[in-house]
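So the sequence shown is numbered by the UniProt record's numbering: it starts at 11 and just counts up by one.
This report refers to the structure that appears directly beneath it.
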Amino acid sequence: FAPWADPAAKPFISVKNVTKRFGDFTAVDDLSLNIYHREFFALLGASGCGKSTLLRMLAGFEQPTSGEIILDGTDLAGTPPYKRPVNMMFQSYALFPHMTVEKNIAFGLRQDGMGKDEIGERVLQMLKMVKLEKFASRKPNQLSGGQRQRVALARSLAKRPKVLLLDEPLGALDKKLREETQFELMDLQQNLGLTFVVVTHDQEEAMTMADRIAVMSHGKVVQVATPAEIYEAPNCRFVADFIGDVNIFDGKVTASNANGVEMSVDENLTIRLSGAEPLAVGSTAGFAIRPEKLRVSRTPPANPRINAASGELWDIGYLGDMTVFHVKLKSGKVVKASSLNAQRAVDDPFVYDQEVWVTFAEDAGVLLKD
Ligand code: ATP
């Protein structure tokens, strides 16, 4: 499933140069992106970056100051929320406290004038979908957080929208339930063949659930890509730093050709990268490498000048599934390395404060242009 990679594929939702201003504050800034039919799409960014505002414009609760939103070939400008083939699920769930689960789910259908029998059928179908048949006559305050979340989901899917917009859908759940529910949401989205657009500030959640992620900052999209691409090949410092853990080395490009790039960080560390895009010799750049791509060893490498630096083992954190090492390099920079305990060679017993070497392969990180 990768319609975005097919230049002939038509996007289902097209956001074109959309800007949203509140007074003189720009919440969404000339933003464009495409979302495809049946895609699970995540908008990820820090608080205040404009992701909810974008979602609310898709829903029709806010109008763009300029730009267009096209859904399934139709310009949505002037289409009120209730006439859009789109439904929104809020973090607070917004269930009616005095209504039973059944009535909560039926509410929108009744408003639309659907017949009684048909409503009954649809509600039952929705209850089955979220596995809450036995809870039909309970009120929201007689349910757990996870169950309430499922009622809200059932209610927002009852009208069979083509697109479901979810604003921090799992925000109110504890960690374990959250993780379970992430997989339930993914199954549901796949089985129903719907397009989901989810807003979250939780990167793990976005990585787990989404086909693609748009990383947002200050009202703009910084990178749109699959979770793996975002993690392995961030396109700038912001994304490298925002997603996951990273070590960034700053240096100056000393050589650059078709074989790769060489960069000098300090007198002890030269970085050599194969397959990197050429950069101007003399320019400054960053090198981003994830902790699991750094190897820590007590034995000096064959070539201690290239992709290797020595330092002192600062601390060792045992996390069960993996161990995290902080190494203070000679330059004073502290780097983070990690290794899965199931895969770690046991011939390297580490103790604090001893001298260790940190090494990495020539294809183990990415260059970030300044
Ligand atoms: P969060 O994760 O905290 O919900 P967000 O990325 O979803 O953040 P938005 O809710 O889209 O952020 O808000 C983006 C910016 O626009 C914020 O600085 C917010 O204060 C501002 N904003 C949102 N709605 C309004 C409004 N109605 N009037 C004025 N400013 C607003």
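Ideal placement from N, C-alpha and C gives every residue a C-beta, glycine not left out.
Residue i beta carbon near ligand 1 (any heavy atom closer than 7 Å)
i	result
Ala235	no
His336	no
Phe35	yes
Ser227	no
Lys61	yes
Ser147	no
Gly55	yes
Val208	no
His211	yes
Gly342	no
Gly296	no
Gly58	yes
Phe32	yes
Residue range of the unbroken alpha helix (DSSP H) whose run includes residue i
i	result
Gly375	No alpha helix (DSSP H) holds Gly375; DSSP gives it neither H nor E.
Ala224	It is not in any alpha helix (DSSP H) - Ala224 instead sits in the beta strand (DSSP E) that spans Arg222 to Ser227.
Ala69	Lys61 to Ala69
Thr191	Lys185 to Leu202
Asp127	Lys126 to Met139
Met217	Gln213 to Met219
According to DSSP, residues forming a beta bridge with residue i
i	result
Ile253	DSSP lists no partner for Ile253.
Gln233	Val225
Met273	Val263 and Ile281
Phe35	Phe32
Ile115	The partner list for Ile115 (beta bridge, DSSP) is empty, contrary to what the question assumes.
Ser42	For Ser42, which the question treats as bridged, DSSP gives no partner whatsoever.
Asn97	Leu174
Ile26	Reading the sequence as shown, one finds Lys at residue 26 and not Ile. BP columns for Lys26 point to Glu78.
Ser307	Trp367
Gly296	Asp260 and Leu378
Thr84	Leu81
Beta-carbon contacts of residue i that lie in its chain and below 6 Å, excluding the five residues immediately before and after
i	result
Val225	Leu54, Val232, Gln233 and Val249
Pro301	Asp255, Lys346, Ala347 and Ser348
Asn267	none
Ser341	Asp276
Arg66	Glu72
Phe206	Phe50, Leu174 and Gln199
Ala235	none
Nearest-angstrom beta carbon gap, residue j and residue i [assumed within contact, 8 Å]
i	j	result
Glu272	Thr280	6 Å
Thr29	Asp16	Actually they are not in contact, since the Cβ atoms of Thr29 and Asp16 sit about 29 Å apart, beyond 8 Å.
Ala146	Glu112	4 Å
Arg305	Gln364	Wrong, their Cβ atoms sit about 16 Å apart, outside the cutoff.
Phe11	Asp197	With 8 Å as the limit, Phe11 and Asp197 do not qualify as a contact, their Cβ atoms being about 15 Å apart.
Leu183	Met98	That pair is no contact at about 18 Å.
Gly285	Val275	Going by Cβ atoms, the distance from Gly285 to Val275 rounds to 19 Å, so no, they are not a contact pair.
Ile326	Phe370	Between Phe370 and Ile326 the Cβ distance is about 19 Å, and since that is not below 8 Å, they are no contact.
Thr191	Leu180	6 Å
Val173	Leu204	7 Å
Val376	Ala298	5 Å
Ala374	Lys303	4 Å
Thr36	Gly229	6 Å
Beta strand (DSSP E) segment containing residue i, residue limits
i	result
Glu242	Segment Pro237 to Glu242 is the alpha helix (DSSP H) holding Glu242; no beta strand (DSSP E) there.
Glu302	No beta strand (DSSP E) holds Glu302; DSSP gives it neither H nor E.
Ser320	Ala318 to Tyr328
Gly155	Note, Gly155: premise wrong, no beta strand (DSSP E); alpha helix (DSSP H) at Gly155 to Ala168.
Asp177	Val173 to Asp177
His336	Met332 to Leu339
Trp14	Careful: Trp14 lies outside any beta strand (DSSP E) and carries neither H nor E.
Leu54	Phe50 to Gly55
residue 381	Residue 381 cannot be examined here, being either before or after the span of the chain that is shown, 11 to 380.
Thr205	Thr205 to Thr210
Cutoff 8 Å; reference residue i; Cβ partners in own chain excluding five residues on either side
i	result
Ala265	Val271, Glu272 and Val291
Asp85	Glu78 and Ile79
Ala216	Ala52, Leu54, Val208, Thr210, Ile223 and Pro237
Thr89	Gly70
Leu283	Gly270, Val271, Glu272, Met273, Phe297, Glu372, Asp373, Gly375 and Leu377
Nonlocal neighbours in the same chain, by C-beta distance under 7 Å from residue i, ignoring five residues either side
i	result
Ala116	Ile129 and Val133
Leu105	Asn114, Pro150, Arg158, Val161 and Ala162
Asn351	Asp331, Met332 and Thr333
Pro310	Trp367
Ala91	Note on residue identity: the sequence assigns Pro, not Ala, to residue 91. Within the same chain, Pro91 has close Cβ partners Ala69, Gly70 and Phe71.
Pro156	As written in the sequence, residue 156 is Gly, which differs from the Pro given in the question. For Gly156, where only same-chain residues beyond five positions count, the Cβ hits under 7 Å are Leu183, Leu187 and Thr191.
Ile240	Ile223, Val225, Gln233, Val249 and Ile253
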